Structure formats: structure tokens, C-alpha cells
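Enquirer: Numbering (the numbering used here), first residue to last: 60 to 297.
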Amino acid sequence: MNFFTIMIILISLVVFVFIVLIAFVMKKSKDVENDTFLETERAEIYQKLFKKRKKLAPHKGKFYLEITNAMTFQRAQAVTNLKISGLLYNTHQQPIVAFTRVERAMNAKGLLIALTKKHIFSYEFLNQQVTVFCDDVLLGNINASGSIANADNRNIGQLKRSSKTNSITLNNRVVAELQKAPLYDAISNTTDIDTIIEEYNFGTSLLSFHDAPTKEEEKWLTALTIFEITYYGISPAA
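1) Mapping DSSP to helix, strand and coil, what is residue 289?
2) For residue 114, collect the residues of the same chain with a Cβ closer than 7 angstroms to its Cβ; drop the 5 residues on either side in sequence, then sort them by chain order.
3) Suppose you measure from the CA of residue 156 to the CA of residue 253; what does that come to, to the nearest Å?
4) Going by other Cβ atoms of all chains shown within 10 Å of its Cβ, with 16 needed for buried, is residue 225 buried or exposed?
5) Roughly how many whole angstroms lie between the Cα atoms of residue 286 and residue 208?
6) For residue 127, which of 219, 97, 143, 152 has the nearest alpha-carbon?
7) State buried or exposed for residue 109, treating a residue as buried only when at least 16 other CB atoms are found within 10 Å of its CB.
8) Would you identify the three-state DSSP class for residue 87, choosing helix, strand or coil?
9) Does the separation of the CB atoms of residue 141 and residue 158 fall below 8 angstroms?
10) Note down, one range per segment and in chain order, each alpha helix (DSSP H) of at least 4 residues found wholly within the segment 121-173.
11) As a quick exercise: from 212, 180, 257, pick the residue whose alpha carbon is nearest that of residue 279.
12) If we call anything under 8 angstroms between Cβ atoms a contact, is residue 262 one with residue 123?
13) As a quick exercise: from 202, 221, 129, pick the residue whose alpha carbon is nearest that of residue 236.
14) What is the rounded straight-line gap between the Cα of residue 234 and the Cα of residue 193?
15) Can you tell me which of the three DSSP states residue 182 falls into?
Laid out in C-alpha cells, this is it:
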């Protein structure tokens, strides 16, 4: 091996290391930017949602069964940024959940915050990986294959999606069936609940359960039902 060959190898190694370092720094910078963005958005969203919370109907019995496929919302989109704010309704056409969903470009976490009269559910999502919080305490996560893990990252169940319904298995038993959310993209008037109910016949419960859930499982049922309609009911940012 002559001198020039050695120099070429050394230069190649230096360039490679430099590229790796640049990529690492850019990723760290992106992570910091993403976290800062989420915290700023979170504070602004909370402030607006707490005002809407006063108008929500109170919880009655099994709250997760009250959430229907009826919602109203406003959507603002600029290039790849998306912001949606709206309400979910019960079978009596009363608002019971206020929510805001924010998304940015690819490889940036999205944020969804939903308030009921009693609880706060928040979600951070990226590449079909969803982290779920209830009242600012980590509830767990759902991965791309539908596996559900608790706050200790221990697998506790499965959300099995199909063409019409999604079965929810928790702690080794099928607890409930979750209807797939209708897609609201083709609906021109998404701000009038009367139109949503009368013209599209929405307003039926999304969830039916097979086995009485525990208190912790009730949180999961509510969290999954809210996410189904507020995320899958409206197409994400392009």
C-alpha cells in the first residue's frame, strides 16, 4: 500500500466521520426544536381548550360509551402544517370533548390534546407510534402494529384494525369493539352539528364493550375512542 492510497483512505475516513457528526448534530437540533415546538403549542392549546371546557356536558356513567362519531371542527392548513380544533358530541348532540390537533412536516411529532369535563388526554404521534397521557401522566403507547403498552412499556393489549371495526384486547381479553371513524374530508360544512347529525346520520356511539373494564382500562377505552375519531376521521397533513 503506497502513500497516496493511505492518504485517500484517511481522507475518506475523515469525510465519513464529518458527515456522521453533522447528521448527529442536525438530529439533536431537530429533536430540541421539536420538543420546544410541542411545549409552546401545548401551552397555547391548553389556554384555549380550558375556555371551551366550561361549555362541555358533564360525564354520565360510562363516558367512553357516550363518545359518538359526530364532531364539528375547523381546519387550517398551510403547506404541510395542519391545525384542527373542534368538539365531539354524545348521543344527545351535546359537546362532551374539546380537542385540538397539530401536525407539521414529515419527521416531526404531531400533538393532539382533548379535554373532557373531568380529564385531559394528550397524544404525541409520529410514524404511527402514539404516546398517550391522561391528566399529564403517561398512560402508555401504541405502536404501528397496534400493540398497546403501559407506562412501564409492558405489553398489555392489542388494537386490531379491520375494515369496519377495531377490536380492543386488554389484559388477555377482548374488552370492546371500536367502530372505525367516518372520514370527514368530503363534508363541506364541518362546523354545524345539525348538518352532521341530520344529513349524514352521525351521532351513534363508537364503542361497544364485551367485558366490564377496570379503572385503568376505562382510561384506555376513552383514549382510544377519542383518538379514533379525531385522528382517523380527518386526513393528516400531506
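Just so it is clear, CB atoms sit at the ideal spot from N, CA and C, and this is done for glycine as well. In this text, all values refer to a predicted model and were calculated from it rather than measured experimentally.
Expert: Based on what the coordinates show:
1) helix
2) Taking residue 114 as the centre and dropping the five residues before and after it, the same chain places the C-beta of 154 closer than 7 angstroms to its C-beta, in chain order.
3) 17 angstroms
4) buried
5) Rounded to whole angstroms, the gap between the alpha carbons of residue 286 and residue 208 is 16 angstroms.
6) 152
7) Burial call: exposed.
8) At residue 87, the pLDDT of 43 sits below 50, so the modelled position is not reliable; the number obtained from the coordinates is stated separately. Three-state DSSP puts residue 87 in a helix.
9) When the beta-carbon positions are compared, residue 141 and residue 158 stay at least 8 angstroms from each other.
10) Listed in chain order, they are 122-125.
11) 180
12) no
13) 221
14) 20 angstroms
15) DSSP places residue 182 in strand when its eight states are reduced to three.
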